[in-house]
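In what follows, a single structure is set out as structure tokens and then discussed.
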Amino acid sequence: MDTQIQQACEEARIWNELNDDPAGETVGTGLLDESKNWEPPIYGFAKCNIHANWRNAKLHSGGAFIIRDSSGNVLHHARDAFTFSPNRLTSELRCMEWALQSMQDLGYKEIIIASDLHDLITAVTKSTEWPRFRLLLHCISNLCLQFEAVAFETESSLSNSIARKIAKSVLRDGRFQSYLALGGPAWLHQQIFREAALIRS
């Protein structure tokens, strides 16, 4: 099992090196510059953009994911509320664990998980350097073993904006009931269509 985890982490590290844009990083915040368009996964993979809307340790966090294929078609999206987390990274790790479990339950095999929090992707791909979060990271590593292939990708906040908007609606609109749906949310249809159209242009 340890060998499989190391192999998965190494593949994720290589994926990040090939797909990350270091020039766009903002030092100190863990966020990337808002200039990059959403990019589809390679054929055969599903790409799951995630976001946890964390405000402070006393409030719930809103979580969301949206899964798209290589043509930009939305396969599933979901929203949930998480109980109090002491910091944003904990909230994002819980969101990733939830998204991975959901994708496993839905039968996905080859996946890419994308987030605009650079520290989240670093923690997952270099878990030994983040001992404070070892329990969550261990759960995430075990979930990754259930897939045929898993990769991690850092997004800009702009290219992750659909997941961000869905997550923000939890606290903004008081939508604490979780749900999972086929396709994308109707209120973000135009943005989803525009991002898919960019792939074909």
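For the sequence shown, the positions run 1 to 201 when the UniProt record's numbering is used.
Glycine included, each C-beta is placed from N, C-alpha and C at the ideal position.
Non-local C-beta neighbours of residue 72 in its own chain, meaning closer than 7 angstroms and more than five positions away in sequence, comprise 40, 195, 196, 199, ordered along the chain.
It is roughly 7 angstroms from the alpha-carbon of residue 177 to the alpha-carbon of residue 81. Within the same chain, and ignoring the five residues on either side of residue 191 in sequence, the residues whose Cβ sits closer than 7 angstroms to its Cβ are 162. Cβ-Cβ separation between residue 155 and residue 116: approximately 5 angstroms, consistent with a contact (criterion under 8 angstroms).
In chain order, 97, 100, 101, 104 place their CB closer than 7 angstroms to the CB of residue 143, counting only its own chain and leaving out the 5 sequence neighbours on each side. Rounded to the nearest whole angstrom, the C-alpha separation of residue 47 and residue 67 is 5 angstroms. Listed as beta-bridge partners of residue 181 by DSSP are 77. The continuous beta strand (DSSP E) containing residue 53 extends over residues 46–53. Here DSSP, grouped into helix, strand and coil, assigns residue 91 to helix. Residue 134 and residue 127 have their C-alpha atoms some 7 angstroms from each other.
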